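A quick write-up on the structure given underneath.
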DNA sequence: AAGCACACGTGAGAC
DNA sequence: TGTCTCACGTGTGCT
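Residue numbers (this note's numbering), protein chains in the order written: chain A, 105 to 331; chain B, 105 to 331.
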């Protein structure tokens, strides 16, 4: 593997310390030609070393390396740069949403698809950054799950559980996977507990069904929990 | 500038289309040796072309280019990657700040006057706009009032009532008048109902007291205005 | 002219 | 075994 480089470096060192113009074929047997040839040789050697050092440094700057090739290094760098650019776009979009969310002042107006930002921002950030790093940790320990009817076709869901590992991400995943008609969603973490409050458009007859669906979805991602 | 590459490409094309083994010095004048030599030559040529293409693609992915060198391309890519990483860190820190600003998570800290933003914004907005316009309307018809304990010193209050007149303003007034240590507050109006979700710093022993206090405050406001 | 950047062909080593 | 990757020395062209 790296022995290649080391061998080559040693070779280069040896030739550097002994600049014997070994293979000069003496088109004109003057000493000047050989000296400019060796100058060229050592210059080229330095240029190559510089380029290889840069390439190695580039490899060090890229966290995900597929192979140790030169081409793979560059390809990984390209992919990583594109990933970073996309992540930067997502983060800036999320910041925009958060800023406009923090000074959102008129509740009950047009929050049909503006308010589930919390779920969408979760998908665009946590999934790409943390999801593959923490694939499966503790199961979710549900502390309380309530489903109440509000008005005629609105259900109010409140789910609190202990914040173990990535419980918040899992909860968001659960609610996202259920394809509900979410009106508003709110997640709060306080004193080791994560609480999610969701308003869903549904008939009040679906209240008990929804509770069972949520429980099943939770048990699907976490094996067991204590009521 | 790029004429260098083009010239080289043309040279390569010419040599590709006419694979005349021009400079075979015939160490052994058999055809096999020359064929494997040319195989090596064209293979190396493809490898170099691939690497150069990758490098060119990398240059295309980096927006800021200092020079058109190979080494400069790699160096610019490294600098750009480090810039992106630092920007990503900054953006994530900003998001963390925004998130923890919108939902303050540490009970018992210093959120006495930072977190009731919702109430303060209400006061500075609703009071000035609506308060003197609709001073007396219907009493508040409470649909549900729950007070649960969350963790050790946190109470979770959920109050839903019919949105008659300025129920939302009254509710905000009620919660503001109680001088509670509010961690987060959330108000949602949907289908003729107004729902307020509040997290309060308090001992769980105060749960029932708080419920009674809220009920009395509601009745006090309602009595004072219309009932 | 001296310096620089590049592509080329070639032998060597690793898989 | 062949195939892949690499560093090397060299010639060429640009500045």
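Glycine is no exception: its CB is placed at the ideal position from the N, C-alpha and C atoms. Remember, predicted model here, so these are calculated numbers, not experimental data.
Give me the Cα-Cα distance between residue 176/A and residue 319/A, rounded to the nearest whole angstrom.
Taking the first residue of the first chain as 1, we reach residue 176/A at position 72. Taking the first residue of the first chain as 1, we reach residue 319/A at position 215. In a straight line, the C-alpha of residue 176/A is about 46 Å away from that of residue 319/A.
May I have the straight-line CA-CA distance separating residue 324/A from residue 277/A, to the nearest angstrom?
For the purposes of this step, residue 324/A is taken as the residue at position 220 of the first chain. For the purposes of this step, residue 277/A is taken as the residue at position 173 of the first chain. Going from the Cα of residue 324/A to the Cα of residue 277/A covers about 11 Å.
For residue 204/B, which option in 301/A, 291/A, 247/A and 271/A has the closest C-alpha, if you only look at C-alpha atoms?
Taking the second chain and counting its residues from 1, the one referred to as residue 204/B is at position 100. Measuring from the Cα of residue 204/B, the nearest candidate turns out to be 291/A.
With a threshold of 9 Å between beta-carbons, can residue 181/B be considered close to chain A, or not?
Residue numbering aside, residue 181/B sits at position 77 when the second chain is read from its first letter. For residue 181/B, a Cβ of chain A is located within less than 9 Å of the residue's own Cβ.
Nearest to residue 315/A by CA position, among 142/A, 193/A, 253/A and 139/A, is which residue?
Residue 315/A sits at position 211 when you count from the first residue of the first chain. It is 253/A whose Cα lies nearest to the Cα of residue 315/A.
According to DSSP, is residue 257/A part of a helix, a strand, or is it coil?
Here residue 257/A refers to the residue found at position 153 when the first chain is read from its first residue. Correct three-state label for residue 257/A: coil.
Chain B beta carbons: is any one of them nearer than 9 Å to that of residue 185/A?
On the first chain, residue 185/A is found 81 positions in, with the first residue counted as 1. Yes, its Cβ sits closer than 9 Å to a Cβ of chain B.
Start and end of the beta strand (DSSP E) containing residue 305/B?
Position 201 of the second chain, counted from the first residue, corresponds to residue 305/B. 297-305 is the span of the beta strand (DSSP E), which, as asked, contains residue 305/B.
Please tell me whether residue 310/A has its Cβ less than 9 Å away from any Cβ of chain B.
Position 206 of the first chain, counted from the first residue, corresponds to residue 310/A. Not a single CB atom of chain B sits nearer than 9 Å to the CB of residue 310/A.
Buried versus exposed, by CB contacts within 10 Å (16 or more), residue 312/B
Translated into positions along the second chain, residue 312/B becomes position 208. The residue in question, residue 312/B, is exposed, as its Cβ has fewer than 16 Cβ neighbours within 10 Å.
Straight-line CA distance for residue 164/A to residue 266/A?
Taking the first chain and counting its residues from 1, one reaches residue 164/A at position 60. Taking the first chain and counting its residues from 1, one reaches residue 266/A at position 162. If you take the alpha carbons of residue 164/A and residue 266/A, they lie about 39 Å apart.
Which class does residue 130/A belong to by DSSP, given the choice of helix, strand or coil?
The count along the first chain starts at 1 and reaches residue 130/A at position 26. In this prediction, residue 130/A scores a pLDDT of 40, lower than 50, which makes its location untrustworthy; the coordinate-derived value is nonetheless stated afterwards. In the three-state DSSP reduction, residue 130/A falls in the coil class, being neither helix nor strand.
Mind listing which residues of the region 253-264 of chain B have their C-beta closer than 8 Å to chain A's C-betas, in chain order?
Residues of the region 253-264 of chain B with a C-beta less than 8 Å from any C-beta of chain A: 254, 255, 256, 257, 258, 260, 262 and 264, listed in chain order.
Could you tell me whether any Cβ in chain A is nearer than 9 Å to the Cβ of residue 70/B?
Because chain B spans 105 through 331 in this model, residue 70/B falls outside it and cannot be assessed.
Looking at C-alpha atoms only, which residue of 262/A, 257/A and 289/A is the closest neighbour of residue 307/A?
Here residue 307/A refers to the residue found at position 203 when the first chain is read from its first residue. Of the listed residues, the one whose Cα sits closest to residue 307/A is 257/A.
On a Cα-Cα basis, can you pick out the residue from 288/A, 284/A and 171/A that is closest to residue 321/A?
The count along the first chain starts at 1 and reaches residue 321/A at position 217. Answer by Cα proximity: 284/A.
So that I know if they touch, is there some Cβ in chain A lying closer than 9 Å to that of residue 151/B?
Taking the first residue of the second chain as position 1, residue 151/B is located at position 47. Yes, residue 151/B lies at the interface with chain A (some Cβ there is under 9 Å from its Cβ).
Distance between residue 181/B and residue 172/B (C-alpha atoms, nearest Å):
On the second chain, residue 172/B is found 68 positions in, with the first residue counted as 1. On the second chain, residue 181/B is found 77 positions in, with the first residue counted as 1. One C-alpha to the other measures close to 12 Å.
Name the chain B residues that come within less than 7 Å of residue 139/A, Cβ to Cβ?
Working through the first chain from its first residue, we reach residue 139/A at position 35. None at all; the shortest Cβ gap to chain B is about 26 Å.
Touch check for the region 192-199 of chain B and the region 189-205 of chain A: three-plus C-beta pairs under 8 Å?
The region 192-199 of chain B, when compared against the region 189-205 of chain A, does touch it at the 8 Å Cβ threshold.
Residues bridged to residue 265/A (per DSSP)
Working through the first chain from its first residue, we reach residue 265/A at position 161. Beta-bridge annotation (DSSP): residue 265/A is paired with 246/A and 298/A.
What is the C-beta distance between residue 287/A and residue 303/A, in whole angstroms, given that I count them as a contact (C-beta under 8 Å)?
Here residue 287/A corresponds to residue number 183 of the first chain, with the count starting at 1. Here residue 303/A corresponds to residue number 199 of the first chain, with the count starting at 1. About 4 Å separates the beta carbons of residue 287/A and residue 303/A, which is inside the 8 Å limit, making them a contact pair.
Assuming residue 268/B and residue 300/B make a contact with CB atoms under 8 Å, what is their CB distance in whole Å?
As a working note, residue 268/B is residue 164 in the second chain. As a working note, residue 300/B is residue 196 in the second chain. Cβ atoms of residue 268/B and residue 300/B stay farther apart than 8 Å, at about 15 Å.
Residues of chain A with CB closer than 7 Å to the CB of residue 144/B, please, in chain order.
For this step, residue 144/B is matched to residue 40 along the second chain. By Cβ distance, chain A contributes nothing, its closest Cβ being about 18 Å from residue 144/B, past 7 Å.
Closest Cβ-Cβ distance between residue 148/A and chain B: below 9 Å?
Position 44 of the first chain, counted from the start, is the residue given in the question as residue 148/A. Answer no: the Cβ-Cβ gap between residue 148/A and chain B never drops below 9 Å.
Below 8 Å on the Cβ atoms is my guess for residue 282/A versus residue 298/A; work out the distance and round it to an integer in Å.
In the first chain, residue 282/A corresponds to position 178, counting from 1. In the first chain, residue 298/A corresponds to position 194, counting from 1. Actually they are not in contact, since the Cβ atoms of residue 282/A and residue 298/A sit about 18 Å apart, beyond 8 Å.
Determine the contact status of residue 160/A and residue 188/B, defining contact as a CB-CB distance below 9 Å.
Reading the first chain from its first residue, position 56 is the one you call residue 160/A. Reading the second chain from its first residue, position 84 is the one you call residue 188/B. It is not a contact, given that the beta carbons lie outside the stated cut-off.
Looking at the structure shown, is residue 178/A part of a helix, part of a strand, or coil, going by DSSP?
Your numbering for residue 178/A matches position 74 in the first chain. Note: residue 178/A maps to helix in three-state DSSP.
Residue 155/B and residue 317/A: beta carbons closer than 9 Å?
Counted from its first residue, the second chain places residue 155/B at position 51. Counted from its first residue, the first chain places residue 317/A at position 213. Not closer than 9 Å, so no.
How about residue 228/A: is its C-beta nearer than 9 Å to some C-beta of chain B?
On the first chain, residue 228/A is found 124 positions in, with the first residue counted as 1. Because the pLDDT at residue 228/A is just 35, under 50, the model does not fix this residue reliably, and the point stays unresolved.
Whole angstroms are fine: how far does the CA of residue 178/B sit from the CA of residue 178/A?
One-based indexing of the first chain puts residue 178/A at position 74. One-based indexing of the second chain puts residue 178/B at position 74. Straight-line Cα distance between these residues: approximately 9 Å.
Under 7 Å from the C-beta of residue 178/A: neighbouring residues of chain B:
Working through the first chain from its first residue, we reach residue 178/A at position 74. Ordered by position in chain B, the residues that pass the 7 Å Cβ test against residue 178/A are 158, 159 and 162.
Could you round the C-beta distance between residue 201/A and residue 259/A to whole angstroms and report it? I think they count as a contact, below 8 Å.
Translated into positions along the first chain, residue 201/A becomes position 97. Translated into positions along the first chain, residue 259/A becomes position 155. Cβ atoms of residue 201/A and residue 259/A stay farther apart than 8 Å, at about 25 Å.
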